[in-house]
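Just below is one structure, and these are the notes that go with it.
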Amino acid sequence: MKQLLKFIISILLLITFQNCSDEYDDTTLETRIDNLEDRVTKLEEICRQTNMNISSLQTMINAMQNNEFINSIIPITENGSTIGYIINISQSGPINIYNGINGNNGKDGKNAPVIGVKKDIDNIYYWTLTSNEKTEWITDDNGNKLRVTGEKGINGTNGQNAITPQFTIENEYWYVSYNNGQTWEKLGKAKGERGPSPFYSMTTDNEYITITLEYGDEPIKLRKYYSLSIEFDKPYFDSLEPNQIYSIGYTITGSALKSNISIKTLTKDGYRAIVKEISDTTGTIELTTPRTIVYSEVIILLSDGIGSTIMSSIAIGVSKNQISVNKRKSDILTRKIGNTIDDSGGFGGVDTISNIYENGRGILTFNGNVTKIGKRAFYSYSSSFGIHPNPLTSIILPNSVTSIESEAFSFCKELTRINIPNSVKFIGTNAFNECRKLKELIIPNSVTTMARYAFADTGLESIKLPDQLDSIATGMFRDSYSLSNIQFPEKITKICKEAFYDCI
4 MKQLLKFIIS
14 ILLLITFQNC
24 SDEYDDTTLE
34 TRIDNLEDRV
44 TKLEEICRQT
54 NMNISSLQTM
64 INAMQNNEFI
74 NSIIPITENG
84 STIGYIINIS
94 QSGPINIYNG
104 INGNNGKDGK
114 NAPVIGVKKD
124 IDNIYYWTLT
134 SNEKTEWITD
144 DNGNKLRVTG
154 EKGINGTNGQ
164 NAITPQFTIE
174 NEYWYVSYNN
184 GQTWEKLGKA
194 KGERGPSPFY
204 SMTTDNEYIT
214 ITLEYGDEPI
224 KLRKYYSLSI
234 EFDKPYFDSL
244 EPNQIYSIGY
254 TITGSALKSN
264 ISIKTLTKDG
274 YRAIVKEISD
284 TTGTIELTTP
294 RTIVYSEVII
304 LLSDGIGSTI
314 MSSIAIGVSK
324 NQISVNKRKS
334 DILTRKIGNT
344 IDDSGGFGGV
354 DTISNIYENG
364 RGILTFNGNV
374 TKIGKRAFYS
384 YSSSFGIHPN
394 PLTSIILPNS
404 VTSIESEAFS
414 FCKELTRINI
424 PNSVKFIGTN
434 AFNECRKLKE
444 LIIPNSVTTM
454 ARYAFADTGL
464 ESIKLPDQLD
474 SIATGMFRDS
484 YSLSNIQFPE
494 KITKICKEAF
504 YDCI
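Each residue of the sequence shown is one higher than the one before, starting from 4 at the first, in the numbering used here.
Shown next as structure tokens:
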């Protein structure tokens, strides 16, 4: 429309100049042309914002039904005033919503058409159109209501895909299409500085943002992102007596809706654990030991009740001078000469005094507290006879370990579980490289540094980075093909090259 207008204006100017004397003052004509061009520009912007609002409304409904959450809300400003918001949704990505006239409720005269949504008695959202304060369902040629979300053959009975109404402005009148622009229906006059908005108001609290529609029966509620976590006053037990009861205090952190939270425990090897709540966010886990003390762990499952569950573990029956392992076969656990680990890193200056293995389980005992897992301590090494794979499947480290050095577990391709105690501060280069069966891992907030390629080519599916981490090193998660969800701490300021290379 704007290009056509410019063409007509040019012809008029040409005719005017050919028929007027040199004394002719064309200031008034030029002013009118400028005003007309400005009006066309504003109408085009009104149309753009209106269509964006409709598309964003459809995305919101879909996100609400899929239990997505809000990552961030950023105001859109114009001349110092907030005219809308950029809302970043977890899976759907960012959307823009715009206010109505002067940032109010979107009413721009009684004739301005407003697209909205309503839930019908079948609990499905359908499109509505409000004009002259009258709201009606939008229907197709057969009288079927047009649904907001869903695909053909999956939901609904009308056999149609969800559509997005489209607006355009021609000759300063609104036109709407319900069939992707194939046909257009003329509506009311286009007025004002902003388009008619379907959004009446937006409020936010610790849990949700709530968007009230200009014409709608109920608001749209999208939950905000939160960092749900649990901390224990005893992250491990290294001295236990048979047939005794021990208490583990816990605190739940994060802004989740506390009334919906549930916490459950899983135990084995004769141990029993019972949760006793003190409040919505605190309580104790009572651990009862069996007749024979063996290394084991308590698995804690924490659910927010609306789709998110995190897992944590507490090592039990493990001393600070021991490492507990599960293996597939009775191979040597590490390379060693006598009782000394044949490795430049060792385990913090201590030597092994025993390496007991029975029925798939083993205890590696040292002559002092284990303070680090040295370079290539459990590395699957190669020699002139080929690769010697480490049969390690799971491992429990004591709470005295402060660092996991370079390639400590590199090529441990059978490793499925490891606890990293909250005493660890450093994870070295290639520490877990090619641990392809390691699908889940809890990195404690004590960790401040993770070196290059630390988790390259792993089976990790999701990960929460520690709160103190401020950079992600080169190739950190390179080739971890299954990684689909990562939670960044607020302190992150740098992501180095290839950090997520081939995380498809």
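C-beta atoms are modelled at their ideal positions from N, C-alpha and C, and glycine is treated no differently.
Comparing alpha-carbon positions, which option in the options lies nearest residue i?
i, options, result
"T419", "G219, A411, I398, K271", "I398"
"Q68", "L60, L305, N74", "L60"
"C506", "A276, S483, I495, K267", "S483"
"Y274", "W130, F414, A434, I317", "I317"
"T62", "E139, G363, M205, S95", "S95"
"E2", "L468, K122, Q490", "The structure shown does not extend to residue 2, since the chain spans only 4 to 507, so no value can be given for it."
"E478", "N436, L444, K467", "Here residue 478 is Gly; the residue named in the question, Glu, does not match the sequence. With distances taken between Cα atoms, G478 lies closest to N436."
"I76", "T206, Q169, T374", "T206"
"E443", "F414, F458, N433", "F458"
"N65", "I223, N433, S311, I118", "I223"
"S282", "G252, N358, Q52, I49", "G252"
"G351", "I376, S327, T368, L367", "I376"
"S322", "T312, S311, T368", "T368"
"G184", "Y101, N54, E175", "N54"
"I313", "T256, Q325, G349", "T256"
"T284", "F235, S311, N145", "F235"
"I326", "G286, K137, T374", "T374"
"T414", "N422, F381, N82", "One point to set straight first is that residue 414 is Phe, not Thr, in the sequence displayed. Nearest C-alpha to F414: F381."
"S299", "S383, E210, L400, T254", "L400"
"I98", "G286, D208, N56, N209", "N56"
"C438", "N145, I445, D460", "D460"
"G146", "N126, N422, Y181, N135", "Y181"
"I303", "T254, G83, G349", "T254"
Under 8 Å Cβ to Cβ from residue i, same chain only, skipping five residues before and after it: list those, please.
i, result
"I498", "S474, I475"
"I157", "Because I157 sits at a pLDDT of 43, beneath the cut-off of 50, its placement in the model cannot be relied upon, and the point is left open."
"I73", "I90, N91, I92, S93, I212, L225, R226, K227, Y228"
"E493", "D470"
"N329", "G363, R364, G365, L395, T396, S397, I398"
"T142", "K148, L149"
"Y178", "F170, T171, I172, W187, E188, K189, L190"
"S485", "K442, G462, L463, E464"
"N425", "P238, N402, P447, N448, S449"
"Y456", "T432, N433, N436, A476, T477, G478, M479, R481"
"I296", "L243, E244, P245, G320"
"K1", "What is shown of the chain runs 4 to 507, which leaves residue 1 out entirely."
"K500", "T477, G478"
Spatial neighbours of residue i within its chain, please: C-beta separation below 7 Å, excluding the five flanking residues on both sides.
i, result
"P78", "T85, Y88"
"S265", "S306, G308"
"N246", "T292, R294"
"F388", "For F388, the pLDDT reaches just 49, beneath the cut-off of 50, and the residue's location in the model is therefore unreliable, leaving the point undetermined."
"K440", "K416, E417, L418, T419, G462"
"E139", "T131, L132"
"T215", "Y203, S204, P222"
"I359", "G365, I366"
Short of 6 Å in beta carbon distance, which residues of its chain neighbour residue i, apart from the five on each side in sequence? Order them along the chain.
i, result
"N488", "S465"
"Y504", "R481"
"A276", "T268, T270, I288, L290, V301"
"A502", "I475, M479"
"Q490", "K467"
"F240", "I319"
"A454", "G431, T432, A476"
"I340", "Confidence is the limiting factor: at I340 the pLDDT is only 32, short of 50, which leaves the residue's position unreliable and the question unanswerable from this model."
Considering only DSSP beta bridges, list what residue i is partnered with.
i, result
"G351", "In the DSSP output, where bridge partners are listed per residue, G351 has none listed."
"E300", "A318"
"N263", "According to DSSP, N263 bridges with nothing at all."
"F72", "R226"
"Q169", "S180"
"G96", "I92"
"K497", "S474"
"I326", "L367"
"Y484", "Y484 is not bridged to any residue."
"N422", "I399"
"I255", "I233"
"T85", "T80"
"E437", "Answer is none; E437 lacks a bridge partner."
"L290", "Y249, A276"
Check the C-beta distance from residue i over to residue j and give it rounded, since I have them as a contact under 8 Å.
i, j, result
"Y128", "T152", "7 Å"
"T167", "S58", "6 Å"
"G371", "E408", "That pair is no contact at about 17 Å."
"T451", "L472", "7 Å"
"Y249", "G119", "About 58 Å; that fails the 8 Å criterion."
"I233", "S315", "6 Å"
Any beta strand (DSSP E) of 3 or more consecutive residues that is wholly inside the segment 394-418: 395-399
Continuous alpha helix (DSSP H) assignments of at least 4 residues falling wholly in the segment 354-378: none
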